[in-house]
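Trainee: Can you read through this structure? Questions will come right after.
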Amino acid sequence: MTATFPGSVTEPRPHEPTVHEWLDYVHANCSAGRDFDAGDSLVATVCASAVDPLEIAASLEASGISKRVAAERYGYGNVFALADELWTKVAFRPGPGAPTRNLWRAGNVRDLGRGALYAAPALMLLALTRSAGLQFSWWVLPLAITWGWALGQVTAYFGYTFKSRQNQRSEKLVLGWVMVATVISTADVAAVAMVLIGGDGTSILAATGVTTYMVSSAILLLNEQDGFAAKLLAPGAAVTIAVLVLGDDFFSPVFVWLCIGGSALATWAAAGRYMRLTPLRSLTFAPGDFGTAFHHLVHGLMCGVGLTLVAILGGQEFADSGSPALFALPILVTLGVMEWQLRSFRAGVEQLLSRLLSLDEFAPGSWKLFRRALTCYVLWAALASDLVAVVVHLDHSTPPYALLIGQVVLGAAFYVDLTLVSLSRLDLVTKCWAAGFGAGLVCWALISSFAHDIPRTTVLWEASLATAIVTLTSLLVVARGVVSSSMSH
């Protein structure tokens, strides 16, 4: 997914001996096995430090020594024969090693804060509705989360792609137009939902606001501004927690609107520093950019729909046991744990690769690291679900255990999904989600055919749970081969 070289390209210096001068010197002054001073020549350095004749052959060809030159000037049948001769004549001397640099830091508490940024829109919208007595249409939050998740994936793809190309101007331009597309597309989709399902203009504004905030947060995270984003979110987050925990009338509706709306507007303004709007004709895309971006969009839609069906629809299905927002908390509050464990896993793999003596040791080591990270996430998700169950029990209601277990399953699927995407296997991930939705569709058809007395929403949620189970199973099956392969890393 990157279009740049992994390191700097080394070119010969102006005063280096030419490859022909060096080869003539080798033939005139070196005998087999004799120690040779490679001097300042780049080709000489490569030949002296090569661990295989093929490295020497590649260096010679890159320096202009073709088969014809090797035959006519030096009397060898081809470049490989000349490389074999140099392999025996030039004594081995280890070349200077490049300093190692870890691409992934270990996970820490900072990642939990990033997770809070992901979960904030849904909770802030809930606090607004409770404090101001607003009644948004039921489709606002599912639509905003699903579409916002998808556009957040597209934002991250284009952002990281143009960062890798070291084109800051194009990066800002593409992010600016992604934001414009976010506002227009969300408003259009919400307007269609209003016409087909019902609602009003306030619902359109709410959906557009949540989606725009999600994309703005993605832009700040893309530019490593998560700490700044957390500070901007702090007033709205504090008021949201107070409203949800202490009650609707703890603050005046105007104060709640000012704090939450101010946090959202400040986040949009901060993201604006990394955007610009000029004609798109000045932006150059690679041939596969739009196809890959569409793939990320589809992937985001699948994840958003899965979250909507399992968590949000499930919360409505078990509304008699308590607040639907409360039941959505386990997966929302553990989004940061996913990134924490992903970073710890990737950092552990880097350390494993640096200390291995044999690649045979890599597969069991990497799979063990993956299992440890997945287990840690599942334990955190289970703990969050247990806490919700305790709260519901203290309120003298029956906890929705099936829903809470379903969120742990879906969260585990999200974690494995995130790991595989970080290893550039988006193709496998989307196939697993497609398999899950296919299984859910079959489950829905079977239950609808044989159980006519079950409400349609219940049937849909049960089919959604089947989707999560099959998706997780499929992801775990393909993860073993990907995670255990050193080439994946």
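Read in order, the letters of the sequence shown are residues 1315 to 1803 in our numbering.
The C-beta atom is built at its ideal place from N, Cα and C for all residues, glycine as well.
This structure is a prediction, so every number in the text was calculated from the model and none was measured.
So for Gly1512, helix, strand or coil by DSSP?
Mentor: Taking the sequence shown and counting its residues from 1, the one referred to as residue 1512 is at position 198. In this structure, Gly1512 counts as coil in the three-state DSSP scheme.
Trainee: Among Ile1459, Leu1667 and Thr1443, whose alpha-carbon lies nearest the alpha-carbon of Val1568?
Mentor: Numbered from 1 along the sequence shown, position 254 holds the residue referred to as residue 1568. Looking at the Cα atoms, Thr1443 is the closest of the given residues.
Trainee: So, helix, strand or coil for Ala1648, using DSSP?
Mentor: As a first step, residue 1648 is located in the sequence shown; it is residue number 334 there, counting from the start. It should be noted that the sequence gives Thr, not Ala, for residue 1648. Reduced to three states, the DSSP call for Thr1648 is coil.
Trainee: For Ala1625, which of Ala1716, Gly1605 and Phe1684 has the nearest alpha-carbon?
Mentor: Along the sequence shown, one-based indexing puts residue 1625 at 311. Among Ala1716, Gly1605 and Phe1684, the Cα nearest to that of Ala1625 is on Ala1716.
Trainee: In three-state DSSP terms, what is Leu1597?
Mentor: Here residue 1597 refers to the residue found at position 283 of the sequence shown. Residue state, collapsed to three classes: coil.
Trainee: How about the stretch 1774-1794 and the stretch 1738-1757: do they share at least three Cβ pairs that are nearer than 8 Å?
Mentor: Verdict: yes, contact present.
Trainee: Please work out which residues of its chain come closer than 7 Å, Cβ to Cβ, to Phe1659, disregarding the five sequence neighbours upstream and downstream, and give them in chain order.
Mentor: Here the question's residue 1659 lines up with position 345 in the sequence shown. Taken in chain order, the residues that qualify are Leu1683, Phe1684, Ala1687 and Thr1733.
Trainee: Just how far apart, CA to CA, sit Val1503 and Ser1800?
Mentor: Walking along the sequence shown from the start, residue 1503 turns up at place 189. Walking along the sequence shown from the start, residue 1800 turns up at place 486. Roughly 43 Å between the two C-alpha positions.
Trainee: Spell out a yes or no on whether the stretch 1579-1598 and the stretch 1482-1492 are touching, meaning 3 or more CB-CB pairs, one atom from each, closer than 8 Å.
Mentor: In short, these stretches touch, since the Cβ pair count reaches three.
Trainee: For Asp1634, count neighbouring C-beta atoms within 10 Å of its own C-beta (all shown protein chains included) and say buried if the count is 16 or more, exposed if not.
Mentor: The count along the sequence shown starts at 1 and reaches residue 1634 at position 320. Counting Cβ neighbours within 10 Å, Asp1634 comes out exposed, since fewer than 16 surround it.
Trainee: Closest to Val1722 by CA distance: which of Ala1677, Val1756 and Leu1621 is it?
Mentor: Here residue 1722 refers to the residue found at position 408 when the sequence shown is read from its first residue. Checking every option, the nearest Cα to that of Val1722 belongs to Leu1621.
Trainee: Three-state secondary structure (DSSP) at Val1791?
Mentor: Counting from one through the sequence shown, the residue named residue 1791 turns up at place 477. Val1791: helix per DSSP, three-state reduction.
Trainee: Between the stretch 1509-1517 and the stretch 1602-1618, can you find at least three pairs of beta-carbon atoms closer than 8 Å?
Mentor: Too few Cβ pairs lie closer than 8 Å, so no.
Trainee: Put Gln1539 into one of helix, strand or coil per three-state DSSP.
Mentor: In the sequence shown, residue 1539 corresponds to position 225, counting from 1. Here Gln1539 sits in coil by DSSP.
Trainee: Just reading off the alpha helix (DSSP H) that Ala1580 is part of, what are its end residues?
Mentor: Residue mapping note: residue 1580 aligns to position 266 of the sequence shown, counting from 1. Ala1580 -> alpha helix (DSSP H) spans Pro1567 to Gly1586.
Trainee: Does DSSP put Gln1449 in a helix, a strand or coil?
Mentor: Taking the first residue of the sequence shown as 1, we reach residue 1449 at position 135. In the structure shown, Gln1449 sits in coil (DSSP, three-state: anything other than H, G, I, E or B).
Trainee: Can you tell me whether Ile1379 is helix, strand or coil according to DSSP?
Mentor: Taking the first residue of the sequence shown as position 1, residue 1379 is located at position 65. Of the three classes helix, strand and coil, the one that applies to Ile1379 here is coil, per DSSP.
Trainee: So what does DSSP say about Met1589, is it helix, strand or coil?
Mentor: The count along the sequence shown starts at 1 and reaches residue 1589 at position 275. Coil.
Trainee: Would you please state the rounded distance, in angstroms, between the beta carbons of Val1705 and Leu1790? I believe it to be under 8 Å.
Mentor: Here residue 1705 corresponds to residue number 391 of the sequence shown, with the count starting at 1. Here residue 1790 corresponds to residue number 476 of the sequence shown, with the count starting at 1. Going by Cβ atoms, the distance from Val1705 to Leu1790 rounds to 31 Å, so no, they are not a contact pair.
Trainee: Applying the 10 Å Cβ sphere with the 16-neighbour rule, what's the burial state of Thr1772?
Mentor: What you label residue 1772 is simply residue 458 of the sequence shown in a count that begins at 1. Exposed, since its Cβ has fewer than 16 Cβ neighbours within 10 Å.
Trainee: Is the Cβ-Cβ distance between Gly1466 and Val1529 less than 8 Å?
Mentor: In the sequence shown, residue 1466 corresponds to position 152, counting from 1. In the sequence shown, residue 1529 corresponds to position 215, counting from 1. Yes, Cβ-Cβ distance for Gly1466 and Val1529 is below 8 Å.
Trainee: I'd like the span of the alpha helix (DSSP H) that includes Met1616, first residue to last.
Mentor: Against the sequence shown, residue 1616 aligns to sequence position 302. Per DSSP, Met1616 belongs to the alpha helix (DSSP H) from Asp1603 to Leu1621.
Trainee: Looking at Val1492: is its Cβ nearer than 8 Å to the Cβ of Phe1472?
Mentor: Your numbering for residue 1492 matches position 178 in the sequence shown. Your numbering for residue 1472 matches position 158 in the sequence shown. Yes, the pair counts as a contact, with Cβ atoms nearer than the cut-off.
Trainee: Would you mind working out which of Val1468, Ala1583, Gly1720 and Leu1396 sits nearest Phe1632, comparing C-alpha positions?
Mentor: For the purposes of this step, residue 1632 is taken as the residue at position 318 of the sequence shown. The option with the nearest alpha carbon to Phe1632 is Gly1720.
Trainee: Can you give the beta carbon distance from Val1333 to Val1357, rounded, assuming they're within the 8 Å contact cut?
Mentor: Counting from one through the sequence shown, the residue named residue 1333 turns up at place 19. Counting from one through the sequence shown, the residue named residue 1357 turns up at place 43. Right, their Cβ atoms sit about 5 Å apart.
Trainee: Taking the alpha helix (DSSP H) that Ala1470 falls in, what are its first and last residues?
Mentor: Along the sequence shown, one-based indexing puts residue 1470 at 156. Unbroken alpha helix (DSSP H) run through Ala1470: Val1454 to Ser1478.
Trainee: Taking Cβ positions, are Leu1611 and Ala1464 nearer each other than 8 Å?
Mentor: As a first step, residue 1611 is located in the sequence shown; it is residue number 297 there, counting from the start. As a first step, residue 1464 is located in the sequence shown; it is residue number 150 there, counting from the start. Taking 8 Å as the Cβ cut-off, Leu1611 and Ala1464 qualify as a contacting pair.
Trainee: Going by C-alpha to C-alpha distance, which of Thr1606, Val1792 and Gly1550 sits closest to Ser1577?
Mentor: By one-based count along the sequence shown, residue 1577 stands at place 263. Among Thr1606, Val1792 and Gly1550, the Cα nearest to that of Ser1577 belongs to Gly1550.
Trainee: When DSSP labels each residue in this structure, what does Ala1364 get in the three-state scheme?
Mentor: Taking the first residue of the sequence shown as position 1, residue 1364 is located at position 50. Note: Ala1364 maps to coil in three-state DSSP.
Trainee: DSSP on Thr1700, reduced to helix/strand/coil?
Mentor: Residue mapping note: residue 1700 aligns to position 386 of the sequence shown, counting from 1. Correcting the residue type first, residue 1700 is Asp in the shown sequence and not Thr. It is helical.
Trainee: The alpha helix (DSSP H) with Gly1391 in it runs from where to where?
Mentor: Along the sequence shown, read from residue 1 onward, the residue named residue 1391 stands at position 77. It is not in any alpha helix (DSSP H) - Gly1391 carries neither H nor E in the DSSP assignment.
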